[in-house]
Amino acid sequence: MKEPQKSYTVKEATIKLMQFCAYRDRCHKEVEEKLREMNMITAAQEQIIMELMQEDFLNEERFARSFVRGKFRIKKWGKIKIKHELKFREISTPIIKLALTEIDQQKYITTLYEVAEKKLKLLKEPDKFKKKKKLADFLLRKGYESALVYETANELLE
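Below is the structure:
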């Protein structure tokens, strides 16, 4: 048998969501999903979101910037994949553009080469063209721009 859903007062829900947002930066979509899970009515959701924004627990730009830094530094994602993920989280285009400035272009190119060289060592393909295609496909899946990917693949497999 399913347990009954706990009901929250606006105050309890606000405190719970402050903790949720304090743990790591969240986007509006994540907070709205959490409020829906808590069965909060629309008016209460709006009130809580406004309070979280006023108290700076919920800041879309800060979320986007830290998301970009993290996905690039830790997962070594390219800008296309990062942009796609931010759009999926319903972040606005101007904020996405702003957040992507967190990536230093020189570091971006260096990281692309490091990722490509690492993958190249793992590829056991004897055919040079197939190897180049596998490398390019991998880098494209990581979210790097096609022009950079093909330039990198060509340089590494000359």
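My numbering puts the first residue of the sequence shown at 5, with every later residue one more than the last.
A virtual CB, placed ideally from N, CA and C, is assigned to each residue, including glycine.
Excluding five sequence positions before and after residue 135, the CB atoms of its chain that fall closer than 8 Å to its own CB belong to 124, 127, 129 and 161, given in chain order. Membership of residue 139 in the alpha helix (DSSP H) is indicated by the continuous run 132–145. Scanning the stretch 100–127 for uninterrupted alpha helix (DSSP H) segments of 4 residues or longer gives 109–126, listed from N- to C-terminal end. Beyond the five residues adjoining it in sequence on each side, residue 103 comes within less than 6 Å, by CB distance, of 68, 69 and 72 in the same chain, given in chain order.
Each residue's CA atom was taken as its position, placing residue 40 and residue 27 some 19 Å apart.
Collapsing the DSSP output to three states places residue 83 in a helix.
In this structure, DSSP gives residue 11 a state outside helix and strand, which the three-state scheme calls coil.
In the three-state reduction of the DSSP assignment, residue 67 falls in the helix class, which pools H, G and I. Judged by their CB atoms, residue 54 and residue 17 are not nearer to each other than the 7 Å cut-off.
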